[in-house]
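**Student:** Each residue of the sequence shown is one higher than the last, beginning at 177 in our numbering.
All residues carry an ideal CB built from backbone N, CA and C; glycine is no exception.
This is the structure I have questions about; it appears just below.
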Amino acid sequence: MTQSLSARAAELGLHLEAAAAPAANYVPFVQEGNLLYISGQIARRQGETACVGHLGAEVTEAEGIEAARLCALAVLAQIAAATGDRLDRVARIVRLGVFVASAPGFRRQSAVADGASNLMVQVFGEAGRHARSAVGVAELPTGSAVEIEAVVALRPLDAPSGQPGQPAA
């Protein structure tokens, strides 16, 4: 039986909220070939922005790392929505783009981004290792401290199932 992405998350003590609806004129994800492009996801808890402000000012590094982790959970929720919650459809996480609202002088965007990267490796193992950018920005939607976009490689629907990151048998 195919394991669901939400069941894998629950196994790890993680909870996937429902995938967020777009806040403007865009779609939450687009699949082109075997690549799934996920629009920017902010840190939310029960539908509300979970971490507001700038790293190095109102937001501590530890809070930023947690915000990045919540953004990664939102990315997982979009992957689940796009794949029918099928873990075996995920071949690998290809890339994360991590945007960190940063006060002048804050230079630890990469440390904040590790909150998301670590979660992807926790969920997908080696298939969760990815290319990444971590960029400091002046402002993000709703005042969010962190926003993350992703590119995910998928297996075709008709491909034999395998473990994420492993060739299908």
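Among E239, Y202 and D264, whose alpha-carbon lies nearest the alpha-carbon of Q217?
**Tutor:** Here residue 217 refers to the residue found at position 41 of the sequence shown. It is Y202.
**Student:** Consult DSSP for V203 and reduce its assignment to one of helix, strand or coil.
**Tutor:** Reading the sequence shown from its first residue, position 27 is the one you call residue 203. Here V203 sits in coil by DSSP.
**Student:** For T225, name the three-state secondary structure that DSSP assigns.
**Tutor:** Residue 225 sits at position 49 when you count from the first residue of the sequence shown. Correct three-state label for T225: strand.
**Student:** Measure the alpha-carbon distance for L272 versus G229 and round it to whole angstroms.
**Tutor:** What you label residue 272 is simply residue 96 of the sequence shown in a count that begins at 1. What you label residue 229 is simply residue 53 of the sequence shown in a count that begins at 1. One C-alpha to the other measures close to 21 Å.
**Student:** So, at 6 Å on beta carbons, what are the nonlocal neighbours of V276 in its own chain, with the 5 sequence-adjacent residues on each side left out?
**Tutor:** Stepping through the sequence shown from its first residue, residue 276 is reached at position 100. Around V276: L231, Q285, V288, G312 and V322.
**Student:** DSSP has L212 in a bridge; who is on the other side?
**Tutor:** To locate residue 212, count along the sequence shown from 1; it is residue 36. DSSP lists Q207 and V328 as partners of L212.
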